[in-house]
Amino acid sequence: MSRNQDSKGKGKITGRGNANSKTKSYARGNAPIKKKSQAVKKSSNPDEMRLNKYIGNSGICSRREADENIAIGLVTVNGKVVTEMGYKVKRTDEVRFDGQRIMPEPSVYVLLNKPKGFATTTAESKGKTVMDLVANATSANIKPIGRLGRNSVGLLLFTNDDKVVQKFTNSKNGVARLFQVELDKNLKFEDLKKIQEGFKVDGKLIAVEEISYIKDESKNQVGIKIKNTGNTILHTIFDNLNYDIVRIDCVAIGHLTKKDIPRGHWKHLTEQEINTLKML
């Protein structure tokens, strides 16, 4: 008797892949195919978010606490009280918590030392802009406060904090900015005094906080402090006195200076700097 035969003469299957074999294969390719669910997941609008998340992201309180405050009517959206759970808002909506406007992200403050050749705008159609320079600073929706001309250099502050923006744009109590201005010729002393005292252009008073010659520099370089958010006033002043501006450099914003910020670089304000800024 052959080793491959039993006592009843039946042959054992020893070869793999025998044509007559009905042995099941458990190879992955032969596994039954599971049908995928045909249900289509509804895509959410990326421009919208739940109101409680919006409040939670602002840092005011947790989402659970936000729901409680929504329910008791402490939250308004575009001037209307909203008590509906799950209500969705857009980033552009005006959301107020107990009367105070909030944003769907923590407040961020970025200080840039702007180089020449960048426009102070958020419009993408204007070529190189200051937004390109701070693109990696934060994911928050920050914007520049005020303007520096494309060929002007120096400090520019970005934030998403509406209160700080209002502080700068308040014509009576705005935040002072110090500029170093280079002129095409020496500034006459009588013209310096005229700027100090203020003068009218087209019936409008043009006034500055301070102006002086810069120590150890020629008389064509002056330091001038203004509270205006733009630098158009500088051109108005010197154009009317028959001087051409060669260079404008914003060297300080309130207590903030260019120390340790090379041209073209930025930094986040420290907690102390932020607190001082809010007290100005």
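Reading the sequence shown from the start, the letters are residues 0 to 279 in numbering that gives the first Met the number 0.
For every residue, glycine included, the Cβ atom is placed at its ideal position computed from N, Cα and C.
Query                                                                                                          : Result
Check whether Phe117 and Ile141 have beta carbons under 8 Å apart                                              : no
Those residues which DSSP pairs with Gly153 across a bridge                                                    : Lys113 and Cys249
Through-space distance from Leu276 to Thr75, alpha-carbon basis                                                : 28 Å
Segment contact flag, the segment 51-70 with the segment 96-116, C-beta cutoff 8 Å, min 3 pairs                : yes
Closest residue to Lys267 among Ser106, Met48 and Cys60 (Cα-Cα distance)                                       : The displayed chain sequence assigns His, not Lys, to residue 267. Nearest C-alpha to His267: Ser106.
DSSP-derived helix/strand/coil call for Gly222                                                                 : strand
Beta-carbon gap between Ile144 and Thr228 smaller than 8 Å                                                     : yes
Three or more C-beta pairs below 8 Å linking the segment 231-244 and the segment 171-183                       : yes
Same chain, Cβ closer than 8 Å to Val81, neighbours up to 5 away in sequence not counted                       : Leu50, Ile69, Val74 and Thr75
Strand pairing of Pro261, partner residues [DSSP]                                                              : DSSP lists no partner for Pro261.
Asn274 classed as buried or exposed, judged by whether at least 16 other C-beta atoms fall within 10 angstroms : exposed
Lys79 beta carbon less than 8 Å from that of Glu47                                                             : no
Residue nearest to Lys113 in terms of C-alpha spacing, selected from Thr256, Lys166 and Lys224                 : Thr256
Close Cβ partners of Lys35 (< 6 Å) along its chain, the five nearest in sequence each way excluded             : The predicted position of Lys35 is uncertain, since its pLDDT is 48 and thus under 50; no value can be drawn from it.
DSSP bridge partner residues for Pro105 (one or two, in chain order)                                           : None; Pro105 has no bridge partner.
Proximal residues to Glu272 (C-beta, below 6 Å), its chain only, five neighbours per side dropped              : none
Distance CB(Leu132)-CB(Leu111) smaller than 8 Å                                                                : yes
Extent of the continuous beta strand (DSSP E) to which Glu208 belongs                                          : Counting along the chain, Glu208 falls outside any beta strand (DSSP E), and DSSP gives it neither H nor E.
Same chain, Cβ closer than 7 Å to Ala38, neighbours up to 5 away in sequence not counted                       : Residue placement at Ala38 cannot be trusted, given a pLDDT of 45 that sits under 50; the coordinates are not used to answer.
Opening and closing residue of the alpha helix (DSSP H) in which Glu47 lies                                    : Element bounds for Glu47: not the alpha helix (DSSP H) but the beta strand (DSSP E), Glu47 to Arg49.
Straight-line gap, Gly253 to Lys224 (C-alpha atoms, nearest Å)                                                 : 10 Å
Local conformation of Ala175 per DSSP, three classes                                                           : coil
For Met84 and His264, the rounded distance between their alpha carbons                                         : 44 Å
Opening and closing residue of the alpha helix (DSSP H) in which Thr235 lies                                   : Thr231 to Asn239
Residue span of the beta strand (DSSP E) that contains Thr75, given as start and end                           : Val74 to Val76
Environment of Thr119 [buried if 16+ CB atoms lie within 10 Å]                                                 : buried
Coil, strand or helix - Thr168 by DSSP                                                                         : helix
Alpha-carbon spacing of Lys166 relative to Phe198, whole angstroms                                             : 25 Å
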